[in-house]
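Protein chains in written order, with my numbering: chain A, 1041 to 1226; chain B, 1041 to 1226.
So the structure is just underneath, and the comments pick up after that.
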């Protein structure tokens, strides 16, 4: 970790993360997590999802509160726009994962962050989801993430922060690599 | 479309979707969409993302309002739990995409839905994100989606609804297949 005259404080408890890495390396069963969401259909393309419980460190865990998310399609798709679209939720997940990673890596490397913002753009040919052209995929053809970072570090060190965040990001991995999804009706 | 004595109403405007499919098939440039999110780092692993504008049908579009999403890591990761975790946002996106699809396909097939709910479980070995074991991926090892659907249809027809929703789902495609993500520092 770099030493600086003024203690760097990005609000990330690096000692705890390093401790967790050591603890979980010697107790790999505690590292098995299950993240969950529950979704209830409201009407049309509008649904309401909640996030509250998860499993990890060998036992049931709970968020401090239940987080609720309305999703819908926009009015130009003849829907009522009661919430962000499902694909926008994926962009939020990617943005927040990479940004948390930037803060954590910066703390670890002794780099003080002053401000971090990101713009995400996901390109999609909706001929896929509409079934117009079977050669067009349903999802994004690609996603571009652009960071603006003000930090007490050189441009190269800032680029290296972002690169390391990508390397350790759960959502970046989920989006860029295939994940098996099984869907069942109870 | 199936004919029934009582008009089926799941709140989905199928005529508009069929019209869009025909219109976009003859004007493929209008089908080029760009979905966006903006993310601002708050402190530690806490960030705030907004969703408002997007591009489609050849012009800038706007949601009816700006949707704002706080994301954070939970307290067991030495964070302050100011919002759902980034990977939970991906589960919300997947849940809401498949559920909107179930409603749309049911409407198209003349099946009245009474209730639809889904539970999503994403398994993750956090030795990946912590960098304990380079052979463990950062993302989910797999996701299980379980639907409970009450509809005026046979169990087989309900299973077929869900299968067709998977086939047309943008987020299911994003999660199960690789997507290119470029990350730049401005």
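No residue lacks a Cβ here, since even glycine has one placed at the ideal position from N, Cα and C.
If I follow the unbroken alpha helix (DSSP H) through residue i, where does it start and stop?
i, result
"residue 1205 of chain B", "1195–1208"
"residue 1128 of chain A", "1126–1149"
"residue 1062 of chain A", "1054–1066"
If you measure from the beta carbon of residue i to each beta carbon in chain B, is any gap under 7 Å?
i, result
"residue 1148 of chain A", "no"
"residue 1154 of chain A", "no"
"residue 1197 of chain A", "no"
"residue 1091 of chain A", "yes"
"residue 1053 of chain A", "yes"
"residue 1200 of chain A", "no"
"residue 1067 of chain A", "no"
"residue 1058 of chain A", "no"
"residue 1194 of chain A", "no"
"residue 1121 of chain A", "yes"
"residue 1063 of chain A", "no"
"residue 1191 of chain A", "no"
"residue 1226 of chain A", "yes"
Could you give the first and the last residue of the continuous beta strand (DSSP E) run that contains residue i?
i, result
"residue 1160 of chain B", "1153–1165"
"residue 1220 of chain B", "Element bounds for residue 1220 of chain B: n/a, residue is neither H nor E."
"residue 1099 of chain B", "1099–1111"
"residue 1182 of chain B", "1182–1191"
"residue 1090 of chain A", "1086–1096"
"residue 1073 of chain A", "1072–1083"
Determine whether the Cβ of residue i lies closer than 7 Å to any Cβ atom of chain A.
i, result
"residue 1108 of chain B", "no"
"residue 1183 of chain B", "yes"
"residue 1047 of chain B", "no"
"residue 1041 of chain B", "Bear in mind that a pLDDT of 48 at residue 1041 of chain B, under 50, signals an unreliable position, so the number given afterwards is only what the model happens to contain. No, residue 1041 of chain B lies away from the interface with chain A (no Cβ there is under 7 Å from its Cβ)."
"residue 1128 of chain B", "yes"
"residue 1133 of chain B", "yes"
"residue 1098 of chain B", "no"
"residue 1118 of chain B", "yes"
"residue 1157 of chain B", "yes"
"residue 1111 of chain B", "yes"
Pull up the CB-CB distance for residue i and residue j, whole angstroms please, since I reckon it's below 8 Å.
i, j, result
"residue 1186 of chain B", "residue 1216 of chain A", "Not really, about 26 Å apart at Cβ, beyond 8 Å."
"residue 1143 of chain A", "residue 1058 of chain A", "Contact doesn't hold; Cβ gap of about 15 Å is too wide."
"residue 1178 of chain B", "residue 1210 of chain A", "5 Å"
"residue 1214 of chain A", "residue 1130 of chain B", "6 Å"
"residue 1166 of chain A", "residue 1056 of chain B", "The Cβ separation is near 13 Å, so there is no contact."
"residue 1102 of chain A", "residue 1092 of chain A", "6 Å"
"residue 1089 of chain B", "residue 1077 of chain B", "5 Å"
I want to verify the contact list: residues of chain C whose CB lies under 9 Å from the CB of residue i, in sequence order.
i, result
"residue 1114 of chain B", "Absent from the structure: chain C. Protein chains present are A and B."
Contact set between the stretch 1202–1224 of chain B and chain A, restricted to residues whose Cβ is under 7 Å from the partner: 1202, 1206, 1208, 1209, 1210, 1211, 1212, 1213, 1214, 1215, 1216, 1217, 1218, 1219, 1220, 1221, 1222, 1223 and 1224
Under 7 Å (Cβ pairs) to chain A, residues found in the stretch 1161–1172 of chain B: 1161, 1162, 1163, 1164, 1165, 1166, 1167, 1169, 1170, 1171 and 1172
contact_flag[the stretch 1060–1067 of chain A, the stretch 1165–1172 of chain B] where n(CB pairs < 8 Å) is 3 or more: yes
Cβ contact (3+ pairs, closer than 8 Å) linking the stretch 1156–1166 of chain B and the stretch 1176–1192 of chain B: yes
At least 3 beta-carbon pairs within less than 8 Å: the stretch 1120–1130 of chain A vs the stretch 1074–1088 of chain A: yes
Validate contact between the stretch 1190–1201 of chain A and the stretch 1197–1208 of chain B using beta carbons, cut 8 Å, 3 pairs: no
Cβ contact (3+ pairs, closer than 8 Å) linking the stretch 1123–1136 of chain B and the stretch 1101–1112 of chain A: yes
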